[in-house]
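Going by this note's numbering, the sequence shown opens with residue 13, and the numbers climb by one from there. Below is one structure, written out as structure tokens; the observations come after it.
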Amino acid sequence: MRRAVIESVGHYLPKRVVENSEFEATLDTNDYWIQSRTGIERRHFAAENETTSDMGIKAAQAALENADCKIDDVDAIILATSTADLTFPSAATMVQNGLGMRHGFAFDVQAVCAGFLYALTTANSMIASGQANRILVIGSETFSKLMDWTDRGTCVLFGDGAGAVLISAQEDETSNRGILATTLRSDGRYKDILYVDGGVSLQTTGHLRMEGKEVFRHAVEKLSTTALEAIDQAGLTTDDVDWIVPHQANKRILEGMSKRLRVPMDRVVMTVNNHGNTSAASIPLAMAIAVQDKRIKQGDIVVTGAIGGGLAWGTAVIRW
13 MRRAVIESVG
23 HYLPKRVVEN
33 SEFEATLDTN
43 DYWIQSRTGI
53 ERRHFAAENE
63 TTSDMGIKAA
73 QAALENADCK
83 IDDVDAIILA
93 TSTADLTFPS
103 AATMVQNGLG
113 MRHGFAFDVQ
123 AVCAGFLYAL
133 TTANSMIASG
143 QANRILVIGS
153 ETFSKLMDWT
163 DRGTCVLFGD
173 GAGAVLISAQ
183 EDETSNRGIL
193 ATTLRSDGRY
203 KDILYVDGGV
213 SLQTTGHLRM
223 EGKEVFRHAV
233 EKLSTTALEA
243 IDQAGLTTDD
253 VDWIVPHQAN
263 KRILEGMSKR
273 LRVPMDRVVM
283 TVNNHGNTSA
293 ASIPLAMAIA
303 VQDKRIKQGD
313 IVVTGAIGGG
323 LAWGTAVIRW
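In structure tokens form, the structure reads like this:
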């Protein structure tokens with residue numbers, strides 16, 4: 013049985029770091045207000061000329077270097093983003109070009125904050141079916157370009173960054189590593205609680221709009237439900253879980269998921285304090301940080317989940 017195994021991870025963060033205090037000059041807010049409601053202390057913003065594909069290239073290069081893998085050995089690139097450089101071509105093909113990949117295929121996936129899990133599930137299916145042996149799955153976002161800087165309820169929440177995961181096929185029957193289960197869901201009835209009020213066919217640019225209380229209510233319930241489904245599908249229980257790596261939206265959602273799953277917070281990877289909400293980049297970015305600081309180790313059971321505009325959400329269970 014072919015299984016998709018996590019071979020390596022990599023990440024990239026823009027140089028500019030924005031502390032909460034920087035918002036005090038232009039908004040009715042302060043560091044205490046932001047931290048107490050979200051857990052966010054700072055975030056990174058891309059430079060004016062720095063794009064989503066630029067960051068995706070750097071995260072992918074880090075993942076390749078960490079695996080001692082050459083781009084010629086990669087069959088495909090799947091990039092999750094809501095902030096592609098252009099309407100078309102895809103940011104994934106720009107990353108493909110930037111990495112010097114002259115074979116295979118590349119495409120974008122757009123499911124907002126859940127995008128990385130949609131991309132990972134797609135890659136997992138491609139590997140299981142034999143369509144590819146090695147795939148770079150990337151989440152990269154420049155949400156700072158979508159912000160309404162007069163709306164304190166949204167502009168303080170988001171940051172920019174990229175994370176990449178290199179997954180490869182494994183057919184070794186003696187090993188039980190790999191992606192064990194995934195669940196994906198969406199419900200368009202809730203499209204108006206998290207969206208950007210502009211787009212190509214509307215001929216407007218738009219800014220991010222969010223009903224924060226409604227998003228929180230759905231996030232904790234839906235992520236916990238699909239996580240339990242995926243854990244059961246993998247033949248495991250919550251007692252088997254070593255780490256939860258949730259979408260880094262805010263600390264309260266992480267705490268709510270921890271409580272629902274009865275997994276203590278010291279087994280929940282949290283990076284939202286330093287990165288803010290980086291949308292589709294948040295999960296691979298958090299994974300990369302947790303591997304880098306040696307929290308996540310080979311053989312660990314990792315549960316990850318995300319919810320974003322749509323609403324769209326999903327979960328994956330991985331034996332690292």
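Beta carbons: idealized from backbone N, C-alpha and C, even for Gly. Only a predicted model underlies this, so the values are computations on that prediction, with no experimental measurement involved.
- DSSP lists A174 as the beta-bridge partner residues of S152.
- Across the set M282, D305 and V303, the C-alpha of M282 shows the shortest separation from the C-alpha of S294.
- In the DSSP assignment, M222 falls within the unbroken beta strand (DSSP E) covering L220 to M222.
- For S141, there are no CB contacts under 6 Å within the same chain when 5 residues up- and downstream are skipped.
- Taking the Cα positions, I52 is about 42 Å away from D184.
- Between S152 and L91, the beta carbon gap of about 6 Å places them in contact (Cβ cut-off 8 Å).
- The segment 247-266 and the segment 302-315 touch, with three or more beta-carbon pairs separated by less than 8 Å.
- Linking G268 to A126 through their CA atoms gives a straight-line distance of about 18 Å.
- In the displayed model, S65 falls within a helix according to three-state DSSP.
- Only buried fits S270, as 16 or more other CB atoms lie within 10 angstroms of its CB.
- Of the other Cβ atoms in all chains shown, fewer than 16 fall within 10 Å of the Cβ of Q143; this residue is therefore exposed.
- Annotation: the segment 30-114 contains the following complete segments of the alpha helix (DSSP H) (minimum length 4 residues), in chain order: 43-50, 64-79 and 103-110.
- Counting C-beta pairs with one atom in each stretch, the segment 199-219 and the segment 150-168 have three or more that are closer than 8 Å, which means they touch.
- Between the C-alpha atoms of V121 and T134 there is a straight-line separation of about 9 Å.
- It is roughly 15 Å from the alpha-carbon of D43 to the alpha-carbon of N262.
- Membership of S270 in any beta strand (DSSP E) is not indicated; the residue belongs instead to the alpha helix (DSSP H) covering K263 to L273.
- Following the DSSP letters along the chain, one finds L132 inside the alpha helix (DSSP H) bounded by residues G127 to S141.
- Of the residues T154, S213 and A123, the one whose Cα lies closest to the Cα of D199 is A123.
- In the DSSP annotation of this structure, I205 is not part of any beta strand (DSSP E), being labelled neither H nor E.
- When the alpha-carbon of R274 is set against those of V17, H259 and T237, the nearest one is in T237.
- Residue range S294 to Q304 is occupied by the alpha helix (DSSP H) that includes P296.
- Taking 8 Å as the cut-off, the beta carbon of I301 is found no closer than this to the beta carbon of W332.
- For V284, the enclosing alpha helix (DSSP H) begins and ends at V284 to H287.
- Cβ neighbours of R164 within its own chain (closer than 8 Å, five residues either side excluded): F35, L39, D40 and T41.
- Boundaries of the beta strand (DSSP E) harbouring S20: R15 to Y24, taken from the DSSP string.
- Shown here, S187 sits in coil according to DSSP, grouped into three states, outside any helix or strand.
- Annotated three-state conformation of I308 is coil, per DSSP.
- By the neighbour-count criterion, in which a residue is buried when 16 or more other Cβ atoms sit within 10 angstroms of its Cβ, F100 is exposed.
- Per the DSSP secondary-structure output, Q182 pairs in a beta bridge with R15.
- In the DSSP annotation of this structure, V124 is not part of any beta strand (DSSP E), being labelled neither H nor E.
- With respect to the C-alpha of G68, the residue from A37, K234, I89 and V329 having the closest C-alpha is I89.
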